[in-house]
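Chemist: First the structure, which I've put down as structure tokens, then a few questions once you've had a look.
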Amino acid sequence: MVNYLKIAPSTDPVEVGDELLFYVKKLNNIADFVHCDVMSSNFVGRDTITYKDVQDMYYKTLLPLDVHLMVNEPLNLVEKYIKAGAQIVTVHYEAFKNKNNLIKCLKKISKKGALAGIAMNPDTEVVEVMPYIAYADLVLVMSVYPGKSGQKFMESTYIKVKKLRQIREDYGARFKIEVDGGIIPEVSKRLKVAGADIVVSGSYIYNAENRERAIDELR
Ligand code: DX5
Ligand code: ZN
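Numbering (this note's numbering), first residue to last: 1 to 219.
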């Protein structure tokens, strides 16, 4: 089976406002998703975009918006992002004190018509998220600590991707595997072999002289 890697450029390195909208518009024919990095100081010590920015982006692109919520206790927030146009809404395993709310949140995302993602930090093991995978359409493996782009990819990610791929096969599940942080072409090549479906890239694409070529290299 051909493993076609999808590319999701992230919004994090781009200045919010006109520059971001211009960037998103230019991605239309060359990327597969727009990865919207929503950060909150209650989770990563920094605030970035909100659902209003996501809505503005929605009107600039034909690509599906892949919203990554780095926010604590996002249960009452997800609907706003879906209304703003998100097609994927991913919440962090670590963001829920009571894991029943994680299940509630994933169910809510699906009920409101988006794909539900569960993100795991570098210190979280696959076995910890395992009980919740049944409620998710996607698992986002963080290959850096969430908070900023431009960090170094963590090698421990490959084994997690392989484990998830194995789980998917063993159970005949259909969730997608996405990886986020520090991804450059040499890494994406290895992630593809390990079984990833989607890779997020912030600085590598944004800083490239030729963004279309950078995306092709990652693919
Ligand atoms: C990290 C964000 C990532 C980040 C990726 O907190 O979730 O999406 O922007 O950027 P690079 O590819 O530069 O690590
Ligand atoms: Zn992200």
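Note that beta-carbon positions come from the ideal geometry of N, C-alpha and C, so glycine has one too.
Hey, Y93 and I133: beta-carbon distance below 8 Å or not?
Modeler: no
Chemist: Just how far apart, CA to CA, sit Y4 and A95?
Modeler: Computed Cα separation, rounded: 31 Å.
Chemist: Taking a cut-off of 6 Å, which residues have a beta-carbon closer than that to any heavy atom of the ligand ZN, in chain order?
Modeler: S10, H35, D37, H68, D180 and V200
Chemist: Given V54, which residues of its chain have a CB within under 7 Å of its CB, disregarding the five upstream and five downstream residues?
Modeler: Within the same chain, and ignoring the five residues on either side of V54 in sequence, the residues whose Cβ sits closer than 7 Å to its Cβ are C36, L65, V67, Y81, A84, G85 and A86.
Chemist: Exposed or buried, which one is D32 when buried takes at least 16 other CB atoms within 10 Å?
Modeler: Burial call: buried.
Chemist: Can you give me the C-alpha to C-alpha distance between V129 and M120, rounded to a whole angstrom?
Modeler: 8 Å
Chemist: By the DSSP assignment, the beta strand (DSSP E) with S156 in it spans what residues?
Modeler: Going by DSSP, S156 is part of no beta strand (DSSP E) at all; its letter is neither H nor E.
Chemist: Report whether the distance from the Cβ of S203 to the nearest heavy atom of the ligand DX5 is below 7 Å.
Modeler: yes
Chemist: Would you mind sorting L164 into buried or exposed? The rule is 16 or more other CB atoms within 10 Å of its CB.
Modeler: Answer is buried; the Cβ neighbour count reaches 16.
Chemist: State whether the region 134-154 contacts the region 178-196, with contact taken as three or more CB pairs (one from each stretch) at a distance under 8 Å.
Modeler: The count of Cβ pairs closer than 8 Å, one atom from the region 134-154 and one from the region 178-196, reaches three, so the stretches are in contact.
Chemist: Quick one, which of N210, E178, E217 and G147 has its alpha-carbon nearest T48's?
Modeler: G147
Chemist: Would DSSP call A134 helix, strand or coil?
Modeler: A134 falls in the helix class under three-state DSSP.
Chemist: For V144, which residues in the same chain have their Cβ closer than 6 Å to its Cβ, ignoring the five residues on either side in sequence?
Modeler: Q151, G181 and G182
Chemist: Going by the DSSP bridge assignment, what does F10 pair with across the sheet?
Modeler: Reading off the sequence shown, one finds Ser at residue 10, where the question assumed Phe. Looking at the DSSP assignment, S10 forms a beta bridge with H35.
Chemist: Hey, R46 and M39 are a contact pair by Cβ (cut 8 Å); roughly how many whole angstroms apart?
Modeler: 5 Å
Chemist: Does P131 pass the burial test, meaning 16 or more other C-beta atoms within 10 Å, or should it be called exposed?
Modeler: exposed
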